Ligand code: GLC
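Residue numbers (our numbering): 7 to 492.
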């Protein structure tokens, strides 16, 4: 370890660099991303209004925040059991799972699973190609598990905005994130899956339950904590669901009880309401995306876009000769070359001042000050993301508190997603900011994964899907034959 005196002079140096930067043109760019508490309150208030529009009988058609009813009316009670298949499409990977719930869900959960890659071309190909691929993965999996002769019920976590008509009828409103397969928007996803399975003709499935990943997260956390009534994802995309009073869900008949609403908050701002806080870099990310003009909020927040925002900002600073002595590199000029995971790595390197292997990987010639600026850029972009999520979550929590006529709301948020889990300061900043913006709400955060590593991730995926499916199946009477639990 270097002697204390050199550590001291090192940190003094960094402090003076920081001071100098604060007054520099670099800071002027960073300021574009810094949102005051007042601004965040406005964002939160606007989302609250848009949520009400999305729930309205006559206003939901044109609402940017879709507020999709999930038809899940209560959290599961943990008594369901049986054998199931599950599919999980919409995050970083596509998974196929076999779940056997033997006893209490929290304790005995036997399963096997397989990850299938979806090549990028397929994400942009035809719907038929995509569903044929899914059916093939399922078939291979069934063979490997010796399950081919059985007709198991299937839970489908499909993490895209869907208008749920029934539990097994779900119309895709639009693709988000990296997907854009033709012939699927406006169609029933369950039907497309079943058709692909029938085209193969080598196996069959039982009843199907469709679910969004936010709902799956809320339900799986609901097993560990009964007061979990919000599910939130901050990963490739971002979104949240929560238990809404039926009397507020004007687009669904009935006044009693609650229903889980998939907000699809990623679409917040699609009517231009966030224009005041979008930077030139956000506009560029949107313009060059495969779905310009949609999912505005998501594009300022989630893992699919954060790295690209950082890259564009670094490029701009370099072109303005504020970084890397004005020398860009071919790699830095290449779209999507700055991966979102680099942000976490850069910000994690606090203790290793000046050591920035990522910059060398991007073929950039950097000095200590450059490394420091890059850290500030990453910090600023990820911090804005965390604070915007906090504003959105505060809108939901405040709304729940007011609709339930409570002085204080005590609730738990089930969370998942790579950005939330992997970024070193994200969760802390989000939680601190929510506390400021929803002071009358006591919010506990529960990550829908107990440990780190693949094994735990897999268990989480299974819990997600299976809990939901079990709940739905309980409703349909397949497993327990008992009265509806949803
Ligand atoms: C996108 C999808 C949404 C999903 C979220 C997180 O925003 O539209 O359905 O929940 O990503 O995966």
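Where a beta carbon is used, it is the ideal one built from N, C-alpha and C, also for glycine.
Just so it is clear, the structure is predicted and the values come from calculations on it, not from any experiment.
Residue i vs residue j beta-carbon contact at 8 Å
i	j	result
residue 364	residue 312	no
residue 249	residue 230	no
residue 38	residue 324	no
residue 96	residue 164	yes
residue 222	residue 157	no
residue 57	residue 405	yes
residue 179	residue 215	no
residue 442	residue 395	no
residue 400	residue 432	no
residue 141	residue 206	yes
residue 417	residue 384	no
residue 236	residue 402	yes
residue 120	residue 147	yes
residue 160	residue 91	yes
residue 429	residue 454	no
residue 287	residue 307	no
As assigned by DSSP and simplified to three states, the class of residue i
i	result
residue 404	helix
residue 493	Past the boundaries of the shown model lies residue 493; the chain is included only from 7 to 492, so the question cannot be answered.
residue 146	helix
residue 6	Any answer about residue 6 is impossible in this case: the structure gives the chain only from 7 up to 492.
residue 163	strand
residue 413	coil
residue 421	strand
residue 204	helix
residue 195	helix
residue 37	helix
residue 187	coil
residue 437	helix
residue 307	helix
residue 138	helix
residue 171	strand
residue 48	helix
residue 210	coil
residue 448	strand
residue 77	coil
residue 59	helix
residue 152	coil
residue 526	Summary: the structure shown does not reach residue 526, with the chain confined to residues 7 through 492, and so no result is reported for it.
residue 103	strand
residue 72	coil
residue 221	helix
residue 391	helix
Whole-number beta carbon distance between residue j and residue i, since they are thought to touch under 8 Å
i	j	result
residue 444	residue 46	11 Å between Cβ atoms; not a contact.
residue 335	residue 369	4 Å
residue 278	residue 301	So it is not a contact: roughly 14 Å between Cβ atoms.
residue 74	residue 267	7 Å
residue 183	residue 244	Contact flag wrong, Cβ pair sits at about 10 Å.
residue 226	residue 420	7 Å
residue 346	residue 309	4 Å
residue 190	residue 133	4 Å
C-alpha distance - residue i paired with residue j, whole-angstrom precision
i	j	result
residue 177	residue 195	6 Å
residue 234	residue 337	44 Å
residue 319	residue 424	22 Å
residue 62	residue 193	24 Å
residue 438	residue 414	18 Å
residue 479	residue 270	Note that residue 479 scores a pLDDT of 41, beneath 50, so its modelled location is shaky; the value from the coordinates is reported in the next line. Spanning the two alpha carbons is a distance of roughly 25 Å.
residue 199	residue 104	17 Å
residue 247	residue 317	31 Å
residue 378	residue 292	28 Å
residue 125	residue 274	29 Å
residue 380	residue 255	45 Å
residue 101	residue 94	5 Å
residue 329	residue 434	29 Å
residue 138	residue 151	20 Å
residue 135	residue 327	47 Å
residue 130	residue 186	5 Å
residue 154	residue 203	12 Å
residue 167	residue 149	32 Å
residue 42	residue 280	15 Å
residue 344	residue 31	23 Å
residue 568	residue 99	The shown model of the chain, from 7 to 492, leaves out residue 568, and the question about it has no answer.
residue 197	residue 65	29 Å
residue 460	residue 427	With a pLDDT of 31 at residue 460, under the threshold of 50, the modelled position of this residue cannot be trusted, and the question is left open.
residue 52	residue 44	12 Å
residue 251	residue 218	19 Å
CB contact below 8 Å: residue i versus chain B
i	result
residue 153	Among the chains in the structure shown there is no chain B, since it carries only a single protein chain.
Residue i Cβ short of 7 Å to the ligand MN heavy atom set
i	result
residue 278	The model depicted lacks the ligand MN and carries the ligand GLC instead.
Which runs of the beta strand (DSSP E), 3 residues or longer, sit entirely within the segment 234-291? Whole beta strand (DSSP E) segments, 3+ residues: 234-240, 244-251, 264-268.
Those runs of the alpha helix (DSSP H) which lie wholly inside the segment 309-384 and span at least 4 residues: 309-325, 336-339, 346-354, 363-367
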